[in-house]
Amino acid sequence: MKNIAIIGASGYTGAELIRLIATHPGMRIAALAANSKAGQKMSAVFPFLRHLDLPELVTWEQIDFSAIDLCFCALPHKTSQEVISQLPKTLKIVDLSADFRLRDAAAYKTWYGNDHAALEMQEEAVYGLTEFYRDQIASARLVAGTGCNAATGQFTLRPLISAGVIGLDDIILDMKCAVSGAGRSLKENLLHAELSEGYNAYSVGGTHRHLGEFDQEFSLLAGREVRIQFTPHLLPVNRGILSTGYVSGDARTIHATLEKAYADEPFVQVLPFGQTPSTHDVRGSNFVHIGVTGDRIEGRAIVVTVLDNLCKGSSGQAVQNANLMLGLPETEGLMLAPLFP
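Here's what the structure looks like:
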């Protein structure tokens, strides 16, 4: 059994990590940190976990990392780099924040508004989109988990850009996102009375931070600058992301390209041509479902992709990466069926 520590265990992604690792046959939760709730039991913070025998919450400074095989860091950006830079240099780490996703320090400052305080570690980090960085992740010490929106968009577009079957100058991603993606901290606009029975766009006009990941990854794939149009929308639901991608290219070719790219991927399902998925189909799971249909306008196609933002978009992806880093089967602990209804 591999001993696991989770820093930031009192947030949504921390709780999701605990939910997944609790039944993982190769991992044991040895330490849980949440500085703001240190001294409390997890059953008090998250009653849905009260059936588990979990360590009491402590500050991260109190953890004996000499006994830890891998640490998940589920802290906000900026805080995460400050903590990780003080952890043992031999410790395997999967970071769920944005702090190590962008390879260019200037790009990080542009999108996140502050200088990076751990540049030497930023250079060491491997981007954590498992299906596309599998070999590098397996030998990495520090893996940077993707943004949940960024993961959804990349599952849609990476194979298509690599194969050259879509135009690169007219890509549009329209994304619908669950409220849990905003985190657990109190925000007025996320109160039930403010959020329910409504639906709104946010970060409109190219200001969403995950565009930094799209710019980095798509331009690297294409060998030229690629900038997409991307607008996220906030839904009054707890889990899930649905991305509708509008691209130019032959719809049947696009579908065949995605089928070929994901044929051997255990977590990515490409639906028969003309079918599109729902967030219901992947809720609570590590699966991605992708559907392709043609448009009435010749030479245009629509690609619909869904995943669970807390699982495949964050904590499930983190466990998938940790499996590789620890020499465990990649799918171990992650083949649970989606929740329905």
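With full-length UniProt numbering, the residue at position 11 of the sequence shown is 11, and numbering never jumps.
We treat Cβ as the ideally placed atom computed from N, Cα and C, and that holds for glycine.
For clarity, every value in this text was computed on a predicted model and none was experimentally measured.
CA-CA distance, residue i and residue j?
| i | j | result |
| --- | --- | --- |
| V204 | I228 | 13 angstroms |
| F340 | L173 | 27 angstroms |
| L234 | S180 | 10 angstroms |
| A125 | A144 | 6 angstroms |
| E217 | G274 | 28 angstroms |
| A193 | P236 | 10 angstroms |
| E131 | A322 | 13 angstroms |
| R224 | A105 | 20 angstroms |
| Q136 | F267 | 19 angstroms |
| F72 | S185 | 20 angstroms |
| A150 | L168 | 17 angstroms |
| L271 | A251 | 13 angstroms |
| A163 | T257 | 7 angstroms |
| I166 | K176 | 23 angstroms |
| V247 | M1 | 46 angstroms |
| L242 | S219 | 23 angstroms |
| L75 | L96 | 7 angstroms |
| P277 | T305 | 7 angstroms |
| W111 | E265 | 31 angstroms |
Take residue i as the anchor and find which of the options has the nearest alpha-carbon.
| i | options | result |
| --- | --- | --- |
| residue 353 | L129, A201, N35 and A322 | With the chain running from 1 to 341 in the structure shown, residue 353 is simply not present. |
| T253 | I18, S97 and R300 | R300 |
| residue 348 | G249, V288, S248 and G245 | There is simply no residue 348 to check, as the chain begins at 1 and stops at 341 in what is shown. |
| L102 | G333, K92, L119 and V94 | L119 |
| H77 | L49, D115 and R50 | D115 |
| G8 | T276, Q81 and L191 | Q81 |
| A337 | F48, K312 and G206 | K312 |
| S10 | H24, K109, I21 and L57 | L57 |
| H51 | S248, R19 and Y108 | R19 |
| H255 | P159, L91, E61 and M1 | P159 |
| V319 | T257, I171, M42 and N286 | N286 |
| R283 | E16, P47 and L211 | E16 |
| F65 | C177, P47, F48 and T90 | T90 |
| A98 | Y127, V306, L70 and Q86 | Y127 |
| G249 | F230, R296 and K187 | R296 |
First and last residue of the alpha helix (DSSP H) that includes residue i?
| i | result |
| --- | --- |
| Q317 | G316 to M325 |
| Y112 | A105 to Y112 |
| T13 | Y12 to I21 |
| F214 | L211 to A222 |
How is the beta strand (DSSP E) around residue i delimited, first residue to last?
| i | result |
| --- | --- |
| I290 | V288 to G294 |
| D264 | No beta strand (DSSP E) contains D264, which DSSP labels as neither H nor E. |
| L271 | Looking at the DSSP string, L271 is not in any beta strand (DSSP E), and its letter there is neither H nor E. |
| A5 | K2 to I7 |
| T244 | I241 to S248 |
| P232 | Q229 to L235 |
| I166 | Neither: I166 is in no beta strand (DSSP E) and is coded neither H nor E. |
| L307 | R300 to L307 |
With a threshold of 7 angstroms, establish whether the CB of residue i neighbours any heavy atom of the ligand PLP.
| i | result |
| --- | --- |
| S66 | Among the ligands in the structure shown, none appear at all, so the ligand PLP cannot be discussed. |
Just checking my contact of residue i with residue j at CB under 8 angstroms: how many whole Å lie between their CB atoms?
| i | j | result |
| --- | --- | --- |
| G14 | L328 | Their Cβ separation, rounded to whole angstroms, is 21 angstroms, which puts G14 and L328 out of contact at 8 angstroms. |
| T146 | G245 | Not a contact, Cβ separation roughly 17 angstroms. |
| I68 | A31 | 7 angstroms |
| N309 | C148 | 4 angstroms |
| A178 | N238 | 6 angstroms |
| I93 | R141 | 7 angstroms |
| G333 | I21 | 7 angstroms |
| A222 | I161 | 5 angstroms |
Taking 8 angstroms as the CB-CB cut-off, is residue i touching chain B?
| i | result |
| --- | --- |
| S196 | In the displayed structure, chain B is absent; only one protein chain is listed. |
Practice item. Let me know the alpha helix (DSSP H) ranges lying completely inside the segment 90 to 153, each 4 residues or longer, listed in chain order. Key: Listed in chain order, the complete alpha helix (DSSP H) runs (minimum 4 residues) inside the segment 90 to 153 are 105 to 112, 119 to 124 and 130 to 138.
Review point. Going along the chain, which unbroken runs of the beta strand (DSSP E) with 3 or more residues stay wholly within the segment 32 to 102?
Key: Taken in chain order, the whole beta strand (DSSP E) runs of length 3 or more contained in the segment 32 to 102 are 70 to 73 and 92 to 95.
Exercise for review: Write down every uninterrupted run of the beta strand (DSSP E) in the segment 173 to 203 whose length is 3 residues or greater and which is fully enclosed by it, in chain order.
Suggested key: Here no run is fully enclosed.
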